[in-house]
Every structure is written in C-alpha cells, then in structure tokens.
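With the sequence shown counted from 1, adding 763 to any position gets you the numbering used here.
The structure under discussion appears below in the form of structure tokens.
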Amino acid sequence: MGRRKKPFSIFDDPREFIGRLYNMHETEQYMRYMKFQLEYLILFTSNCNNRERYLPERIRFKMNELAIEMQEVIDDIENIEPINLDEIFG
Numbered sequence: 764m765g766r767r768k769k770p771f772s773i774f775d776d777p778r779e780f781i782g783r784l785y786n787m788h789e790t791e792q793y794m795r796y797m798k799f800q801l802e803y804l805i806l807f808t809s810n811c812n813n814r815e816r817y818l819p820e821r822i823r824f825k826m827n828e829l830a831i832e833m834q835e836v837i838d839d840i841e842n843i844e845p846i847n848l849d850e851i852f853g
C-alpha cells in the first residue's frame with residue numbers, strides 16, 4: 764500500500780504556502796487545508812488556556828480573541844462558493 768504524501772503545511776514555509784494559494788487549480792484544496800490548520804491552532808490555543816493557568820491573563824485573553832477570529836475565518840471559508848474560472852477568465 765502506498766503512503767500518502769503529507770500535505771504542505773503553512774508551518775513549513777508560510778511564503779510558499781501563500782504562494783500556492785494563488786495557484787488557481789489548487790486554491791480550493793488549500794482553502795480546505797487552511798481551514799484544517801486554523802482548527803488545529805484553535806485546539807492548540809484552547810489547550811494552552813486549559814493547561815497553562817500560569818499564563819498572564821492578558822495573554823490568555825489575546826489567545827481567546829485569536830481563536831474567535833480564526834473561527835470566523837473558518838466560517839467564511841466554509842461559505843465560499845466554488846469558483847468557475849472559465850467564467851472569470853473566458
């Protein structure tokens with residue numbers, strides 16, 4: 764059985780990741796993967812808040828704000844309509 768290739772991560776090289784987003788035929792795939800990355804960050808953020816009680820309150824507050832903003836981005840990604848590039852570029 765063949766091994767699946769690991770998806771390219773925003774954590775590997777953010778500039779390359781963003782560059783790939785602009786590659787039109789991969790945009791939908793990478794939007795889905797970006798959603799996955801954001802969900803992972805939200806999980807990480809909430810784990811930090813739960814486990815690291817010694818973190819200063821202002822840092823926990825900022826992390827919660829960030830998690831809310833990331834969830835809004837995820838919601839926006841889920842609501843994106845598929846793009847027909849032929850209609851745009853003829």
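For glycine and all other residues, C-beta sits at the position ideal for the given N, C-alpha and C.
Everything numeric in this text was worked out from a predicted model, so none of it was measured.
As assigned by DSSP and simplified to three states, the class of residue i
| i | result |
| --- | --- |
| N842 | coil |
| M787 | With a pLDDT of 49 at M787, under the threshold of 50, the modelled position of that residue is not reliable, and no figure is offered here. |
Nearest to residue i (by Cα), restricted to the options the options
| i | options | result |
| --- | --- | --- |
| L801 | F824, E832 and K825 | E832 |
| E828 | I805, E841 and D838 | I805 |
Residue i vs residue j beta-carbon contact at 8 Å
| i | j | result |
| --- | --- | --- |
| I837 | K798 | yes |
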